[in-house]
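Let me begin by presenting the structure, written as structure tokens, before commenting on it.
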Amino acid sequence: MILLVDNGSLKTPKIKEIIEKYTSVKTIFYKELNTIKFTLFKGVILSGAPILLSKEENKIHINYFTVLKKIKIPILGICFGHQILSLLFGGEVYIQNEDRNLNEIQKLTSSPLLEGFGEKFFMQEDHCEWTSLPNDFILLANSGNCTNEAMQHKFLPFYGVQFHPEVSGELGEKLIDNFIKQC
3 MILLVDNGSL KTPKIKEIIE KYTSVKTIFY KELNTIKFTL FKGVILSGAP
53 ILLSKEENKI HINYFTVLKK IKIPILGICF GHQILSLLFG GEVYIQNEDR
103 NLNEIQKLTS SPLLEGFGEK FFMQEDHCEW TSLPNDFILL ANSGNCTNEA
153 MQHKFLPFYG VQFHPEVSGE LGEKLIDNFI KQC
């Protein structure tokens, strides 16, 4: 079973719909994370959110996610979830121009997350922030608009993507399936 953490994104139901094609899923609101028994789950997916982590007053939200540093099961962070993983491991989040397009992504490194992807692929963006590469993470992909489109922890099964695979068609669904296969 996958734990889907709803961070307030309107796209969370689409993530759930894709997960349900491959395995069972339990959805919780992010403020419930500290009450979860993670041994019941094979993996965690963090949704996007309408929260700008580049604003100092919003960094308080990180406190709900610190428990994730203690678990060893696979995690996939999408957009806001990607930024949360970065902040947990020492990265920074920066404001940028809005990007709400289907963008070409450049794969830089092989990874189980991007198994079956070509050197270049297209994914839907929906963000106005980006994150630096945090400590102990490998950069998997970038684009002309974002230097950190996808990352993977060097030692833990933690992955993050700035783009939105859940609304990127078959290839986006493949990415979520690739993640579930790691769980």
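Residue numbers (the working numbering): 3 to 185. Backbone N, C-alpha and C define an ideal beta-carbon position, used for all residues, glycine too. What you are looking at is a predicted structure, and each value in this text was computed from that prediction instead of being measured.
(request) Label P114 either buried or exposed according to how many other C-beta atoms from any shown protein chain fall within 10 Å of its C-beta, with 16 as the threshold for buried. (result) exposed
(request) Please list, in chain order, all residues of the same chain as F157 whose beta carbon is under 8 Å from its beta carbon, the five residues on each side excluded. (result) D138
(request) Could you tell me which uninterrupted beta strand (DSSP E) segments, each at least 3 residues in length, are contained entirely in the stretch 35-82, listed from first to last along the chain? (result) 45-48, 77-80
(message) Suppose the cutoff is 8 Å on Cβ atoms and the five residues either side in sequence are ignored; what does the same chain contact list for H166 look like?
(response) K13, G50, I80, C81, M125, Q126, E127, D128, G174
(request) Just mark S11 as buried or exposed, buried being the case when its beta carbon has 16 or more other beta carbons within 10 Å. (result) buried
(request) Count the other CB atoms, across all protein chains shown, that sit within 10 Å of the CB of I21; report buried if there are 16 or more and exposed otherwise. (result) That one is buried.
(request) Provide the residue(s) that pair with M153 in DSSP beta bridges, ordered along the chain. (result) Paired residues: L141, G162.
(request) May I have the straight-line CA-CA distance separating G162 from I178, to the nearest angstrom? (result) About 11 Å.
(message) Less than 7 Å between C-beta atoms, sequence neighbours within five positions excluded: which residues of the same chain meet that for N65?
(response) none
(message) Between L110 and I86, how many whole angstroms is the CB-CB distance? I'm expecting something under 8 Å.
(response) With a Cβ gap of about 22 Å, L110 and I86 do not count as contacting.
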